[in-house]
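Quick note: to get this note's numbering, add 1494 to the position in the sequence shown (first position is 1). For every residue, glycine included, the Cβ atom is placed at its ideal position computed from N, Cα and C. This one's a predicted model, so the numbers in the text were calculated from it and none came from an experiment. A short write-up of the structure that comes next.
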Amino acid sequence: MSTVLWHIPVSHYSEKARWALELKGVRHERRASPPPAHIAVALWLTRGAHHTFPVLDIDGRRIGDTTAIIAALEERFPDPPLHPDDPAERERALALEEFFDEELGPDARLLGFHELRREGDGLREVAATLLPGALARNDLALSVAARAAGSYVQLRYRVDSEEAAARSRAKVLAAFDRLEEELDAGAGDYLVGDRFTVADLTAAALFVPIVGPPSGPALPPAPPTFAAFRDSIRERRGFGWVEAIFERHRGEPIRP
C-alpha cells in the first residue's frame, strides 16, 4: 500500500490530516509544494476537484478535503475510531467538525497571515518552512519566496484589510465561545461522549495558529500584535483545553 500526504507544513488543515494519520498509525510519505504552486498540484492530483492541500493519495485514490480524508481513514483503518459508534453522538461529532472547519479554520488562517504580513520578517519565517534544503538558508531565495507568499495571501485571503482582520478576530472569539459552551454541556474533557473524537481533533488542530500549543506543529514566531492577542485569551478555558488535548493525544510535535 502506498500512502502519500500532500501538505503545507504550517497549515492547520494539514495538521488535522497529519494528526489523523499518525493517530491511526498509518505509514505514509509527506510531500510539500510551496504556495501558490500547490494549487496546480492539487488540481492535477484531484482532476480539478480540489485546489488546495492537504490531498491524501492512498493506493492511487486522491482525496481532498480533511473531512473526506478522515472518513476514508475511518473506513480503511477503523482503530482507534474517530467517529463515534452511537448514531446521535456521531451526528453531533460530524456537526462540530463542520462548524470548526467552516467557522474557525478560515478566520484563524486569515488572522495569522494578516499579522505575519504586517511584520517585516514574518513571511520569511513561513517561506523558510516551505523551501527545500539550501534554498531555505539563502537570503535571496527567502526574499523572493516571502514576496511571492505576500502577494499570494493577499490575493487569496485579502489579508491586508483591517476590517477583515477584525471580523476574523471576532469569529475566533466566537469559536472559543462555542467550544466552551460544548465543554460546559458535557460531562468530561471531550466534546462528544467520554473519548477523543473527530470533533476534538478538528477543534484543537484548527485553533493551532491562535494557541500555538507546545505539543503542536512548529509555527513562525508570533508578531507582537498577534502575541498580544494570544496573551489576552490565554486564561480562557478553551485555550487551556487546546493545549491539554495536544499534550494528551498528539504525542511528539511535527517539525517540518
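Residues of the same chain with a CB within less than 8 Å of the CB of ALA1566, apart from the 5 flanking positions on each side, are LEU1550, ILE1552, ARG1555, ILE1557 in chain order. Between LYS1518 and ALA1699 the beta-carbon gap is near 15 Å, outside 8 Å, which marks them as no contact. Spatial neighbours of ARG1731 in its own chain (CB-CB distance under 6 Å, excluding positions within 5 residues in sequence) are listed in chain order as GLU1674. Each of THR1546, LEU1598, ARG1663 was checked against the Cα of ALA1531, and the nearest Cα belongs to THR1546.
For a cut-off of 8 Å, the C-beta gap from VAL1736 to VAL1705 is around 4 Å, short enough to register as a contact. In terms of Cβ geometry, ALA1668 and HIS1608 do not form a close pair [threshold 7 Å]. Going by DSSP, GLY1558 is part of the beta strand (DSSP E) stretching over 1555-1558.
In the structure shown, ASP1678 adopts helical secondary structure according to DSSP, grouped into three states. The Cβ-Cβ distance between ALA1697 and PHE1594 falls below 7 Å.
For a cut-off of 8 Å, the C-beta gap from PRO1703 to LEU1695 is around 16 Å, too long to register as a contact.
With a 10 Å radius around the Cβ and a threshold of 16 neighbouring Cβ atoms, ARG1512 comes out buried.
The residue from ASP1573, HIS1544, GLU1597, SER1655 with its alpha-carbon nearest to that of ALA1562 is HIS1544. Here ALA1697 is not bridged, per DSSP, to any residue.
In chain order, PRO1707, PRO1708, SER1709 place their CB closer than 8 Å to the CB of GLU1741, counting only its own chain and leaving out the 5 sequence neighbours on each side.
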